[in-house]
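Q: After the structure tokens below, expect a handful of questions from me.
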Amino acid sequence: MKMLLILALKEIRDGLRNRWIAAAIVVLGTLALALSMLGSAPTGSISASALDVTVISLASLSVYLIPLIALMLSFDALVGEFERGTMMLLLTYPVRRWQVIMGKFLGHLSILFIAIFAGYGGAIIIMILMNEGITEGWQAYVTLMASSLVLGAIFIALGYLVSVLVKERATAAGAAIGLWLVFVVLYDLILFGALLLDEGQVIGQQLFSALMLISPTDTYRILNLSLFEGVSQAAGIAGVASGAGMSATLLLAVMLLWVVVPLAVTLLVFQRREL
Amino acid sequence: MVELDAVNPEVISLQSVSKQYGNETVVSNVDLNVQAGECVVLVGHNGAGKTTLMKLMLGLTRASSGTVEVLGGNPAFNASVALHKTLGYLPESVAFYEAMTGREVLSFYARLKAVSNADCEKLLELVGLADASKRRVGTYSKGMRQRLGLAQAMLGEPQLLFLDEPTTGLDPILRQHFYQLIDDLHKEGATSIISSHALNEVEARANRFIIMKAGIVVACGTLGELYQLAALPVRLKVSVSPGEANNVAQRLGSDINIDRISNQSLNLNCSNKEKMPLIRRITELGDSISDLQISPPRLDEVYSYFMSDDRS
Numbered sequence: 025m026k027m028l029l030i031l032a033l034k035e036i037r038d039g040l041r042n043r044w045i046a047a048a049i050v051v052l053g054t055l056a057l058a059l060s061m062l063g064s065a066p067t068g069s070i071s072a073s074a075l076d077v078t079v080i081s082l083a084s085l086s087v088y089l090i091p092l093i094a095l096m097l098s099f100d101a102l103v104g105e106f107e108r109g110t111m112m113l114l115l116t117y118p119v120r121r122w123q124v125i126m127g128k129f130l131g132h133l134s135i136l137f138i139a140i141f142a143g144y145g146g147a148i149i150i151m152i153l154m155n156e157g158i159t160e161g162w163q164a165y166v167t168l169m170a171s172s173l174v175l176g177a178i179f180i181a182l183g184y185l186v187s188v189l190v191k192e193r194a195t196a197a198g199a200a201i202g203l204w205l206v207f208v209v210l211y212d213l214i215l216f217g218a219l220l221l222d223e224g225q226v227i228g229q230q231l232f233s234a235l236m237l238i239s240p241t242d243t244y245r246i247l248n249l250s251l252f253e254g255v256s257q258a259a260g261i262a263g264v265a266s267g268a269g270m271s272a273t274l275l276l277a278v279m280l281l282w283v284v285v286p287l288a289v290t291l292l293v294f295q296r297r298e299l
Numbered sequence: 006m007v008e009l010d011a012v013n014p015e016v017i018s019l020q021s022v023s024k025q026y027g028n029e030t031v032v033s034n035v036d037l038n039v040q041a042g043e044c045v046v047l048v049g050h051n052g053a054g055k056t057t058l059m060k061l062m063l064g065l066t067r068a069s070s071g072t073v074e075v076l077g078g079n080p081a082f083n084a085s086v087a088l089h090k091t092l093g094y095l096p097e098s099v100a101f102y103e104a105m106t107g108r109e110v111l112s113f114y115a116r117l118k119a120v121s122n123a124d125c126e127k128l129l130e131l132v133g134l135a136d137a138s139k140r141r142v143g144t145y146s147k148g149m150r151q152r153l154g155l156a157q158a159m160l161g162e163p164q165l166l167f168l169d170e171p172t173t174g175l176d177p178i179l180r181q182h183f184y185q186l187i188d189d190l191h192k193e194g195a196t197s198i199i200s201s202h203a204l205n206e207v208e209a210r211a212n213r214f215i216i217m218k219a220g221i222v223v224a225c226g227t228l229g230e231l232y233q234l235a236a237l238p239v240r241l242k243v244s245v246s247p248g249e250a251n252n253v254a255q256r257l258g259s260d261i262n263i264d265r266i267s268n269q270s271l272n273l274n275c276s277n278k279e280k281m282p283l284i285r286r287i288t289e290l291g292d293s294i295s296d297l298q299i300s301p302p303r304l305d306e307v308y309s310y311f312m313s314d315d316r317s
């Protein structure tokens with residue numbers, strides 16, 4: 025455990041030193057604040073609370089932003105150290121290989137945690153201070169923050185997988201962009217395209233739900249938009265998730281699987297790796 | 006240097022170790038036993054397999070065949086945490102986290118080895134980096150990086166040192182200083198494996214030399230053993246009174262091997278065995294001899310002998 029902390033702390037220090045954490049807090053905080061300002065405008069005309077509206081727009085934006093931040097943190101984590109030669113020296117110290125991976129993971133996850141909770145959390149505190157009495161629906165907001173962290177963890181793990189598999193940093197960067205495109209943009213595009221072309225012939229409700237579940241970004245979206253009644257009504261997708269038999273537990277389990285599987289494969293590959 | 010005898014336990018044992026990367030054989034059928042307290046020097050041209058041999062002993066890579074044992078265990082892969090606590094490694098052209106300062110780098114490694122901060126400061130002082138320790142490693146010169154590399158290798162008073170080209174980039178004074186540090190560690194019983202090109206530097210320190218060529222150990226032994234194996238001639242330079250050279254050559258007899266002859270001097274080659282009789286014959290010539298210089302073969306000559314292709 026001590027080794028993990030030492031390794032994690034190094035990553036956090038790196039994040040502080042190169043202003044990564046500061047930049048991420050500013051980006052996430054500004055976005056959340058801007059969206060919650062916008063979100064508070066239509067309150068009153070419809071029955072949704074300002075926070076619910078904010079959660080909807082923030083969830084839609086986080087789907088793009090959080091994976092990007094996570095991949096930028098992680099794609100270089102292993103291949104960069106292989107290429108520079110620092111990994112070779114590190115592995116002659118009394119650390120086990122799994123500790124190297126898990127220490128980095130812990131460190132990068134902490135960076136994301138700080139960024140998300142300081143950025144999104146800071147924004148909501150400013151909102152509450154500015155408009156008294158908008159705390160209704162805070163559970164959805166906290167869920168948004170927590171699930172954003174899990175979404176980030178997924179893409180950190182995927183970034184490591186890329187990082188351990190490729191030979192050069194440039195390839196890792198390219199592959200990370202590819203991953204982002206596939207999971208954040210292309211998968212949904214193809215899915216909905218197929219749905220339109222299919223016109224309900226082959227892809228029924230069951231298959232469609234399953235296909236949605238496969239993508240970690242869709243799972244995140246469904247989780248945030250349908251878990252709380254206020255949010256789902258405002259988002260106009262009330263009951264979609266429960267109708268498709270997707271409980272919060274199932275959604276969370278799928279997301280956690282997306283963290284564990286890439287991490288496990290990364291560990292296996294790294295364990296066999298010769299330097 | 007520690008006196009070696011059979012009592013010293015074996016620290017490293019390699020038995021017919023080979024390593025292939027794809028079709029390329031980098032290390033081929035190497036046997037090596039190192040006792041505690043020994044200083045073994047690996048020499049050989051670039052790509053001879055020295056670094057790979059070190060990586061095999063460090064457990065960074067696995068042997069394709071044969072067995073590697075370091076401190077009684079297989080260093081390869083996770084079984085080696087205990088071993089790594091007592092080990093110091095300075096890689097060839099060492100790389101660090103560029104954005105960290107020298108002190109941050111060293112204390113990061115120190116924490117991994119559970120070495121105190123006070124010891125870190127001492128080491129920084131020792132390698133002469135105390136003043137530069139608050140600067141980013143990215144701004145360091147090659148020599149400073151090498152010194153930092155040395156400092157991290159010496160964290161926690163290692164029992165087993167692996168130094169890959171340790172003195173490249175160090176100025177002569179630092180080199181002396183560096184070898185002083187290694188000597189100090191040896192006095193406390195440390196074992197070291199050093200790979201080097203600077204043969205004359207390590208000559209006095211090594212208990213044993215291992216000469217590698219294209220992954221094969223072509224020679225292994227103490228300096229004396231290597232001289233014997235190579236059987237290179239001893240050179241004698243005889244200075245004589247002006248114009249006497251031919252005369253002296255005649256008087257020494259026809260069986261001598263004259264390398265070069267000039268007006269005032271004779272350069273002779275002879276085997277180690279013939280050396281003393283020849284010297285006696287020269288001194289018997291009395292006043293016509295003004296000076297006599299004897300030069301045994303140098304280590305780099307022995308080295309190039311073993312590295313040359315045309316040796317039988």
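Just so you know, the protein sequences line up as chains W and R, in that order. Heads up: the first sequence begins at 25 in my numbering, then just goes up one per residue. Heads up: the second sequence begins at 6 in my numbering, then just goes up one per residue. The beta carbon of each residue, even a glycine, is placed where N, CA and C say it ideally should be.
Take W:Ala147 and list the residues in its own chain whose beta-carbon comes closer than 7 Å to its own, dropping the five residues that flank it on each side.
A: Counting only Cβ-Cβ distances below 7 Å, and skipping sequence neighbours, we find Gly53, Ala56, Leu57, Ser60.
Q: Does any residue of chain R bring its CB to less than 8 Å from the CB of W:Glu192?
A: Chain R contact via Cβ: absent.
Q: Taking only the alpha-carbon atoms, compute the straight-line gap between W:Ala198 and W:Val186 and give it to the nearest angstrom.
A: At residue 198 of chain W the sequence reads Gly, which differs from the Ala that was named. Distance between the alpha carbons of W:Gly198 and W:Val186 is about 10 Å.
Q: Can you name the residues of chain R whose CB is closer than 7 Å to the CB of W:Thr110?
A: Within 7 Å Cβ-Cβ: Ala100, Phe101, Tyr102.
Q: Identify, in the order they occur along the chain, each residue of the same chain with its Cβ nearer than 8 Å to the Cβ of R:Pro238, setting aside the five sequence neighbours on each side.
A: So the list reads Asn262, Asn274, Cys275, Ser276, Pro302, once near-sequence residues are dropped.
Q: Using a Cβ-Cβ distance cut-off of 8 Å, determine whether W:Thr116 contacts chain R.
A: Output row for W:Thr116: interface = yes.
Q: Can you list, in chain order, the residues of its chain whose CB lies under 6 Å from that of R:Asp305, leaving out five sequence neighbours each side?
A: Here the set comprises Leu204.
Q: Can you have a look at R:Ile178 and say buried or exposed, based on whether 16 or more other CB atoms are within 10 angstroms of its CB?
A: Burial call: exposed.
Q: For W:Met96, return the contacting residues in chain R, with the cut-off set at a CB-CB distance below 9 Å.
A: Within chain R, no residue comes near W:Met96; the closest Cβ sits about 16 Å away, beyond 9 Å.
Q: Within 10 Å of its beta-carbon, does W:Ala47 have 16 or more other beta-carbons around it, so buried, or fewer, so exposed?
A: Burial call: exposed.
Q: Which stretch, first to last residue, makes up the alpha helix (DSSP H) that contains W:Ile227?
A: W:Ile227 -> no alpha helix (DSSP H), and no H or E assigned at all.
Q: Once the 5 residues before and after W:Ser71 are set aside, which same chain residues still bring their CB inside 6 Å of it?
A: Residue confidence for W:Ser71 is low, a pLDDT of 48 falling below 50, so the modelled location carries little weight and cannot support an answer.
Q: With W:Ser38 as the anchor, note down where its alpha helix (DSSP H) starts and where it stops.
A: With the sequence shown as reference, residue 38 of chain W is identified as Asp, and Ser is not the correct amino acid for it. It spans 26 to 41 - the alpha helix (DSSP H) in which W:Asp38 sits, taken as one unbroken run.
Q: Just the C-alpha distance for R:Asp264 and R:Leu271, rounded to the nearest angstrom, thanks.
A: Cα to Cα, the separation comes out at about 8 Å.
Q: Looking at chain R, is there any beta carbon in it that lies within less than 8 Å of the beta carbon of W:Ile18?
A: Any answer about residue 18 of chain W is impossible in this case: the structure gives chain W only from 25 up to 299.
Q: Which residue comes first and which comes last in the beta strand (DSSP E) that contains R:Asp36?
A: From DSSP, the beta strand (DSSP E) with R:Asp36 extends over 29 to 40.
Q: For my contact list, W:Pro118 and R:His89 are in at a C-beta cut-off of 8 Å; report their separation, rounded to the angstrom.
A: Yes, they are in contact, since the Cβ atoms of W:Pro118 and R:His89 sit about 4 Å apart, within 8 Å.
Q: Can you tell which of R:Ile266, R:Ser295, R:Leu95, R:Ala224 has the C-alpha that lies nearest to the C-alpha of R:Leu155?
A: The shortest C-alpha separation from R:Leu155 is found at R:Leu95.
Q: Taking 8 Å as the threshold (C-beta atoms), are R:Val39 and R:Ile198 in contact?
A: Contact flag set, yes.
Q: Taking C-beta pairs closer than 9 Å, name the residues in chain W that R:Tyr114 reaches, listed in chain order.
A: Ordered by position in chain W, the residues that pass the 9 Å Cβ test against R:Tyr114 are Leu113, Leu114, Tyr117.
Q: How about R:His182: is its C-beta nearer than 8 Å to some C-beta of chain W?
A: Output row for R:His182: interface = no.
Q: Give the DSSP-derived three-state secondary structure of R:Ala224 in the structure shown.
A: Three-state result, R:Ala224: strand.
Q: If we cut at 8 Å on Cβ distances, does W:Arg43 have a partner in chain R?
A: Not an interface residue.
Q: The segment 238 to 258 of chain W: which residues have C-beta closer than 7 Å to a C-beta of chain R, in chain order?
A: Hits within the stretch: zero.
Q: Along chain R, in chain order, which residues have C-beta atoms closer than 9 Å to that of W:Met126?
A: The contacting residues do not exist; W:Met126 stays about 13 Å from chain R at best.
Q: Between the segment 50 to 64 of chain R and chain W, which residues of the former have a C-beta closer than 9 Å to a C-beta of the latter?
A: For the segment 50 to 64 of chain R, which is checked against every Cβ of chain W, the residues closer than 9 Å are Lys60, Leu63, Gly64.
Q: Checking contacts by CB at 8 Å: is R:Tyr145 closer than that to chain W?
A: No, R:Tyr145 does not count as interfacial toward chain W.
Q: Give the interface partners of W:Asp100 over in chain R, defined as CB-CB distance under 7 Å, in chain order.
A: What W:Asp100 touches in chain R: nothing, since even the nearest Cβ is about 12 Å away.
Q: Identify which residue in R:Leu166, R:Tyr145, R:Val132 has its Cα closest to the Cα of R:His182.
A: Taking only the C-alpha atoms, the option nearest R:His182 is R:Val132.
Q: Establish whether the CB of R:Leu117 and some CB of chain W are separated by less than 8 Å.
A: For R:Leu117, the answer is yes, since a Cβ of chain W falls inside 8 Å of its Cβ.
Q: Would you kindly work out how many angstroms separate the C-alpha atoms of R:Pro171 and R:Glu97, rounded to a whole number?
A: If you take the alpha carbons of R:Pro171 and R:Glu97, they lie about 7 Å apart.
Q: So is R:Tyr308 buried or exposed if we call it buried at 16+ other beta carbons inside 10 Å?
A: Buried, by the Cβ-count rule.
Q: Is there a Cβ from chain W that is less than 8 Å from the Cβ of R:Ser23?
A: So, not an interface residue.
Q: Going by DSSP in three states, W:Leu210 sits in which element: helix, strand or coil?
A: Of the three classes helix, strand and coil, the one that applies to W:Leu210 here is helix, per DSSP.
Q: Using a Cβ distance threshold of 8 Å, determine whether the segment 158 to 166 of chain R contacts the segment 119 to 134 of chain R, with at least three qualifying pairs required.
A: As far as the Cβ criterion goes, the segment 158 to 166 of chain R touches the segment 119 to 134 of chain R, which means the pair count is three or higher.
Q: Does the separation of the CB atoms of W:Leu115 and R:Leu65 fall below 8 Å?
A: Yes, the pair counts as a contact, with Cβ atoms nearer than the cut-off.
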